[in-house]
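The structure under discussion appears below in the form of structure tokens.
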Amino acid sequence: MIANVIVDVPAKQTDRPFDYRIPPLLADWVEVGSRVAVPFGNRLLQGFVVGMADVSEMNPAKLKEIGSVLDPAPPLTSELVKLGIWMGREYVCPSLLALQSMLPGALKAKYKRLAVLPDELDEDARGRMQQEDSGLYACIARKGYYDLLSLIEQFPASSAVLKRWMKLGWLEEQQTVSDRLRKKKQLAVYPTDVPLSPEALAQLARRAPRQLEVLDYLRDSSGPVLLSELIAALGISAGTVKGLADKGMLVIKQAEIWRDPYAGRQFKASHRLQLTSEQQAAYDTIKHAVQSGDAHRFLLHGVTGSGKTEIYLQTIEDCLSMGKEAIVLVPEISLTPQMVERFKSRFGDLVAVLHSRLSQGERYDEWRKIRYGTAQVAVGARSAVFAPFTRLGLIIIDEEHESSYKQEESPKYHAREVAVQRALHHGAVVVLGSATPSIETYAAALQHEQREAAASAAGERSERTLPSGSTPPLRLLTLKRRVMDRPLPQIHVVDMREELREGNRMMFSRRLYEGIAKRLERREQMVLLLNRRGYSTFVMCRSCGYVVQCPHCDISLTYHRRAGQIRCHYCGYTEKEPGECPGCQSRHIRFFGTGTQKVEEELYKHFPDIRVIRMDVDTTGEKGSHEKWLNLFREKEADVLLGTQMVAKGLDFPDVTLVGVIAADTVLNLPDFRSAEKTFQLLTQVAGRAGRHELPGEVVIQTYHPDHYSVEMAAKHDYSAFFAREMRHRQSGLYPPYSRLALITFSHPDIPVLLQTGERLIHALAEQGVSEVRTSGRVEVLGPVASSIPRIKDRYRFQCMLKYRHEPRIPEKIRAATDSLDEWLKKHQVQLSTDMNPQVML
DNA sequence: CTCCTCTATCAA
DNA sequence: TGATAGAGGAGG
Numbered sequence: 001m002i003a004n005v006i007v008d009v010p011a012k013q014t015d016r017p018f019d020y021r022i023p024p025l026l027a028d029w030v031e032v033g034s035r036v037a038v039p040f041g042n043r044l045l046q047g048f049v050v051g052m053a054d055v056s057e058m059n060p061a062k063l064k065e066i067g068s069v070l071d072p073a074p075p076l077t078s079e080l081v082k083l084g085i086w087m088g089r090e091y092v093c094p095s096l097l098a099l100q101s102m103l104p105g106a107l108k109a110k111y112k113r114l115a116v117l118p119d120e121l122d123e124d125a126r127g128r129m130q131q132e133d134s135g136l137y138a139c140i141a142r143k144g145y146y147d148l149l150s151l152i153e154q155f156p157a158s159s160a161v162l163k164r165w166m167k168l169g170w171l172e173e174q175q176t177v178s179d180r181l182r183k184k185k186q187l188a189v190y191p192t193d194v195p196l197s198p199e200a201l202a203q204l205a206r207r208a209p210r211q212l213e214v215l216d217y218l219r220d221s222s223g224p225v226l227l228s229e230l231i232a233a234l235g236i237s238a239g240t241v242k243g244l245a246d247k248g249m250l251v252i253k254q255a256e257i258w259r260d261p262y263a264g265r266q267f268k269a270s271h272r273l274q275l276t277s278e279q280q281a282a283y284d285t286i287k288h289a290v291q292s293g294d295a296h297r298f299l300l301h302g303v304t305g306s307g308k309t310e311i312y313l314q315t316i317e318d319c320l321s322m323g324k325e326a327i328v329l330v331p332e333i334s335l336t337p338q339m340v341e342r343f344k345s346r347f348g349d350l351v352a353v354l355h356s357r358l359s360q361g362e363r364y365d366e367w368r369k370i371r372y373g374t375a376q377v378a379v380g381a382r383s384a385v386f387a388p389f390t391r392l393g394l395i396i397i398d399e400e401h402e403s404s405y406k407q408e409e410s411p412k413y414h415a416r417e418v419a420v421q422r423a424l425h426h427g428a429v430v431v432l433g434s435a436t437p438s439i440e441t442y443a444a445a446l447q448h449e450q451r452e453a454a455a456s457a458a459g460e461r462s463e464r465t466l467p468s469g470s471t472p473p474l475r476l477l478t479l480k481r482r483v484m485d486r487p488l489p490q491i492h493v494v495d496m497r498e499e500l501r502e503g504n505r506m507m508f509s510r511r512l513y514e515g516i517a518k519r520l521e522r523r524e525q526m527v528l529l530l531n532r533r534g535y536s537t538f539v540m541c542r543s544c545g546y547v548v549q550c551p552h553c554d555i556s557l558t559y560h561r562r563a564g565q566i567r568c569h570y571c572g573y574t575e576k577e578p579g580e581c582p583g584c585q586s587r588h589i590r591f592f593g594t595g596t597q598k599v600e601e602e603l604y605k606h607f608p609d610i611r612v613i614r615m616d617v618d619t620t621g622e623k624g625s626h627e628k629w630l631n632l633f634r635e636k637e638a639d640v641l642l643g644t645q646m647v648a649k650g651l652d653f654p655d656v657t658l659v660g661v662i663a664a665d666t667v668l669n670l671p672d673f674r675s676a677e678k679t680f681q682l683l684t685q686v687a688g689r690a691g692r693h694e695l696p697g698e699v700v701i702q703t704y705h706p707d708h709y710s711v712e713m714a715a716k717h718d719y720s721a722f723f724a725r726e727m728r729h730r731q732s733g734l735y736p737p738y739s740r741l742a743l744i745t746f747s748h749p750d751i752p753v754l755l756q757t758g759e760r761l762i763h764a765l766a767e768q769g770v771s772e773v774r775t776s777g778r779v780e781v782l783g784p785v786a787s788s789i790p791r792i793k794d795r796y797r798f799q800c801m802l803k804y805r806h807e808p809r810i811p812e813k814i815r816a817a818t819d820s821l822d823e824w825l826k827k828h829q830v831q832l833s834t835d836m837n838p839q840v841m842l
């Protein structure tokens with residue numbers, strides 16, 4: 001048998017399967033999806049088996065054998081292998097990267113090269129090695145082998161000797177492939193298979209009562225017990241247990257432990273809540289779709305607080321009872337303990353949770369629960385869309401408009417697109433949930449609705465059967481009302497230009513100021529949002545106008561007062577806060593713009609007794625700190641939760657009655673065609689944090705653009721009006737959904753190289769038939785132009801945007817074009833990457 | 001990506 | 001003639 005293997009080299013030239021013979025000993029172990037170690041060139045590499053064949057096209061003499069199989073069962077399913085290859089094509093990236101991104105980091109290969117003394121080496125050779133370089137020899141001889149790289153490091157002068165020894169055969173090189181991480185092992189105590197004789201027990205009772213206690217404990221607990229647990233429970237020493245092991249009355253051995261990030265936490269079981277009629281209708285439709293066993297897509301458009309999560313929970317429950325599995329995607333930011341708790345309390349140990357705040361080991365074990373264990377529901381951020389289920393029935397994407405579903409590194413995939421691909425394979429249902437759907441999603445849903453309406457008006461039965469493999473239509477389910485018919489909070493828009501004109505120079509408008517004072521008096525809570533961390537956004541000299549910039553990026557530095565530093569938010573560059581202007585040495589250097597740190601300081605200035613929790617990247621760096629702050633806020637240990645967008649999403653606190661947006665314009669001013677959409681979504685989401693329970697809520701939005709439609713429509717809770725207005729904007733600029741985009745970015749330390757690269761790229765694209773064809777409106781090639789942040793980490797960045805409509809096979813053509821530039825790119829060390837359907841234009 | 005080979009070029 | 005650097009290509 002032959003295995004087709006994709007090897008662990010992330011380069012264009014090797015992005016294809018290589019054939020290997022499967023040795024008879026491994027025949028039962030190699031499957032599609034297996035992770036194997038294979039000889040490649042003169043190295044030993046990890047690889048993924050992507051196919052099996054009886055014969056190879058290759059000359060059989062040239063075939064090498066698979067070295068070993070790295071896992072007892074294949075970590076990838078054949079479906080995921082197929083998906084990885086699809087991703088490679090669709091997102092113009094090496095399939096290897098796609099396959100790797102499906103697995104927990106613990107399974108990323110770690111390579112070692114060892115220098116080994118051959119067993120059969122004669123005394124004579126050993127003697128001569130000893131004589132030639134005693135230090136080097138001693139180091140290797142101690143264990144018989146030693147890590148090659150650290151040898152070279154420790155004995156830099158001996159590298160020539162080392163090389164010669166290897167040539168002479170006195171040393172052999174051995175390469176290994178291993179995981180990043182081991183399965184966690186701990187000593188555990190197992191009962192013996194043979195029943196214990198009554199005499200022996202009687203003897204124990206007399207001579208060693210403590211040992212008898214151990215046996216009793218072991219008998220009462222079904223199965224093995226951890227040694228540490230036994231010692232703690234009975235207050236004995238390890239010696240007591242060891243004594244029993246010596247007598248053969250029990251066995252102590254290493255047992256594999258599954259780390260559980262939620263161990264020791266009690267989750268109160270919860271049950272189905274009564275659904276409103278709107279919820280019930282949506283639920284019924286989704287449930288029938290899951291039952292049908294065909295791929296379906298739904299957009300669940302429900303206002304904040306309309307009870308989307310309960311619908312998710314109940315449909316998952318039905319999905320499980322049909323013997324199928326479910327994936328729930330949640331934006332990283334809202335994967336809060338609250339969210340996890342809802343799933344844990346409904347499904348208990350059937351849930352595996354995957355997010356970035358788990359340690360590598362914890363994530364690995366949660367993943368193994370899905371692949372080999374008991375989990376039937378996966379809740380997690382973007383990459384959980386790859387949960388290795390085999391009977392997938394339902395994929396839910398909550399807050400589907402969130403940009404975090406798009407991975408910004410290669411493979412630049414969108415979880416929404418991957419979900420559809422998986423649903424097609426499994427005949428599963430995809431549910432996109434949001435109060436503020438992305439324009440593209442909503443447009444697709446409306447288009448389907450309109451087609452249905454037209455079809456029924458014409459008296460036709462709507463077409464239900466689709467050509468297999470094509471994306472199913474997106475059906476719209478709407479929840480217009482909040483549960484318990486609670487009103488949406490009242491939103492006040494404050495024009496900050498007006499405030500200034502009337503002499504208020506504070507960062508708080510009078511309305512917000514009074515709101516805060518009132519809440520403090522009433523002991524209610526508040527959420528304040530400012531989408532900028534740090535203290536100020538830029539540092540400028542008032543004498544000469546000099547703005548302090550990052551020396552490596554074209555971006556101004558942000559002042560962080562607590563640390564007394566100015567920092568670059570792109571490359572992490574840090575310097576001490578300047579006391580004088582670096583340009584003209586004037587003392588008139590000032591900090592402009594407002595960040596969360598400054599808001600915090602102002603709050604304390606105006607309300608001395610106020611208790612503020614600030615949440616941004618700077619305060620939530622540590623593991624678990626996110627959770628810690630939210631718990632403090634829940635326990636009413638603070639009046640204000642102040643933060644960047646991480647406070648806008650998914651939080652639910654009963655006593656929050658005021659939400660304040662310090663500056664609604666931060667996102668609006670970004671040079672991105674989605675900035676209005678992002679603003680509308682952010683405002684609507686954060687407004688939804690108020691008045692979710694008995695107490696009514698109030699929202700204050702401060703802005704310099706009170707007339708902008710994104711602000712106006714958000715204040716009126718009018719998604720439809722916003723959508724209609726935004727669609728006109730998209731149409732006039734031919735932006736998505738009126739077109740599709742592909743962004744090719746390339747970077748280099750020198751601008752002339754980039755200019756030449758740009759010319760070659762345009763030429764290469766034209767050769768593939770991708771060139772400016774404005775007349776037919778098929779493809780538009782924009783650029784190359786400098787990116788909106790022209791330099792990051794000392795590399796200038798240029799980009800080329802393709803805007804196309806009905807142009808088929810664009811990824812294929814881009815790949816062909818960029819492949820033809822390969823030589824040039826390699827020679828000049830130009831980095832180039834392609835982003836299909838980019839979410840951020842920066 | 002990394003290693004190997006081939007070729008051009010230069011100094012002895 | 002041999003050494004060396006750089007480009008090009010292969011890797012099963």
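Here the UniProt record's numbering is used: the first residue of the first sequence is 1, the next is one more, and so on.
Glycine is no exception: its CB is placed at the ideal position from the N, C-alpha and C atoms.
In chain order, what are the residue ranges of uninterrupted beta strand (DSSP E) at least 3 long that sit wholly in the segment 113–182? 145–147, 172–178
Look up Ser438 in the DSSP assignment and say whether it is helix, strand or coil. coil
Assigned exposure category for Tyr20 - 16 Cβ within 10 Å defines buried: buried
Could you tell me the boundaries of the alpha helix (DSSP H) in which Val340 lies? 337–347
Taking three-plus beta-carbon pairs below 8 Å as touching, is the segment 233–252 in contact with the segment 271–281? no
Which same chain residues, not among the five before or five after Ala11, have their C-beta less than 8 Å away from its C-beta? Pro94
Helix, strand or coil for Ser710, going by three-state DSSP, please let me know. helix
With C-beta atoms as the reference, is Arg542 less than 8 Å away from Gln597? no
Kindly list the residues whose CB is nearer than 7 Å to the CB of Val647, restricted to its own chain and excluding five residues on each side of it in sequence; keep chain order. Val527, Leu529, Met615, Leu641
Can you list, in chain order, the residues of its chain with a C-beta nearer than 6 Å to that of Leu96? Leave out the 5 residues immediately preceding and following it. Ile6, Pro10
For the structure I just gave you, are there three or more beta carbon pairs, one from the segment 550–558 and one from the segment 682–689, closer than 8 Å? no
Cβ neighbours of Tyr137 in the same chain (closer than 6 Å, five flanking residues each side left out): Met129, Gln130
Quick one: Cα of Arg142 to Cα of Asn4, how far? 40 Å
What is the DSSP secondary structure of Gln490, counted as helix, strand or coil? strand
Please state whether DSSP places Thr775 in a helix, a strand or coil. Confidence in Thr775 is poor, its pLDDT being 47 and thus under 50, which makes the residue's placement unreliable; the coordinate value appears in the next sentence. Correct three-state label for Thr775: coil.
Looking only at its own chain, which residues have a Cβ that is under 6 Å from the Cβ of Glu399, when we skip the five neighbours before and after it? Pro331, Ser434
Contained alpha helix (DSSP H) runs [length at least 4] in the segment 560–608, N- to C-terminal order: 596–606
Exposed or buried, what is Gln799 when buried is set at 16 or more other beta-carbons lying within 10 Å of its beta-carbon? buried
Beta carbon of Arg363 nearer than 8 Å to that of Leu354: yes
Look up Met484 in the DSSP assignment and say whether it is helix, strand or coil. helix
What residue range does the alpha helix (DSSP H) around Asp822 cover? 822–828
Inter-residue Cα distance where the pair is Leu802 and Val781: 5 Å
Out of Ala53, Glu65, Leu25, which has the shortest C-alpha to C-alpha gap to Phe40? Glu65
Pick helix, strand or coil for Gly239, following the three-state DSSP scheme. helix
Find the nearest neighbour of residue 845 within the set Leu682, Lys649, Phe653, judged by alpha-carbon distance. Residue 845 lies beyond the range of the chain shown here (1 to 842); nothing can be said about it.
Quick check on the burial criterion: 16 or more other C-beta atoms within 10 angstroms. Buried or exposed for Ala352? buried
Would DSSP call Asp294 helix, strand or coil? coil
Count the other CB atoms, across all protein chains shown, that sit within 10 Å of the CB of Lys344; report buried if there are 16 or more and exposed otherwise. buried
Whole angstroms is fine: what's the gap from Phe18's alpha carbon to Ala109's? 18 Å
Which two residues bound the contiguous beta strand (DSSP E) that contains Pro191? 184–191
Exposure label - Ala444; buried when at least 16 CB within 10 Å: buried
Roughly how many angstroms lie between the CA atoms of Val161 and Leu148, to the nearest whole one? 13 Å
Among Met102, Gly135, Arg371, Gly144, which one has its Cα closest to the Cα of Leu121? Gly144
Helix or strand or just coil, what does DSSP make of Ala638? coil
Could you please give the first and the last residue of the uninterrupted alpha helix (DSSP H) stretch that includes Ser470? Run containing Ser470: none; DSSP gives neither H nor E here.
Which ranges does the beta strand (DSSP E) cover as unbroken runs of at least 3 residues, wholly within the segment 373–408, from first to last along the chain? 377–380, 392–398
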